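K.L.:
Residue numbers (the working numbering): -6 to 73.
1) Can you tell which of 71, 40, 42, 65 has its C-alpha closest to the C-alpha of residue 50?
2) In this structure, how does DSSP classify residue 51 when only helix, strand and coil are distinguished?
3) Can you tell me which of 21, 16, 34, 66 puts its alpha carbon nearest to the alpha carbon of residue 47?
4) For the beta strand (DSSP E) containing residue 27, list its first residue and its last residue.
5) Would you tell me roughly how many angstroms separate the C-alpha atoms of residue 16 and residue 53, rounded to the nearest one?
6) Compare the Cα-Cα distances from residue 44 to each of 66, 27, 33, 62 and report the closest residue.
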């Protein structure tokens, strides 16, 4: 990742335990990342899950999350 992460990451709990499983963040390069949290910090992972391919498109606001069936999540983001 070579771009600035912008605004804040949004978190989502998908299991029954009272802990956050995933968070989503965007950057100024037009990328969306998913952070997967494990019980040990050494096993935390961040993966790029989406990107724009338009010239000059960048995300400037935190993503919006909406619960979906089957422990899934819809991710929405605005770009500038």
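Backbone N, C-alpha and C define an ideal beta-carbon position, used for all residues, glycine too.
Keep in mind it's a predicted model, so treat the numbers as computed, not measured.
P.N.:
In short:
1) If you number the chain shown from 1, residue 50 lands on position 57. Selected option, being the one with the closest Cα: 71.
2) Numbered from 1 along the chain shown, position 58 holds the residue referred to as residue 51. Note: residue 51 maps to coil in three-state DSSP.
3) Counting from 1 along the chain shown, the entry for residue 47 is found at position 54. Here the closest residue by C-alpha is 21.
4) Taking the chain shown and counting its residues from 1, one reaches residue 27 at position 34. Segment 24 to 29, the beta strand (DSSP E) holding residue 27.
5) One-based indexing of the chain shown puts residue 16 at position 23. One-based indexing of the chain shown puts residue 53 at position 60. Taking the straight line from one Cα to the other gives about 17 Å.
6) Against the chain shown, residue 44 aligns to sequence position 51. Nearest of 66, 27, 33, 62 to residue 44, Cα basis: 27.
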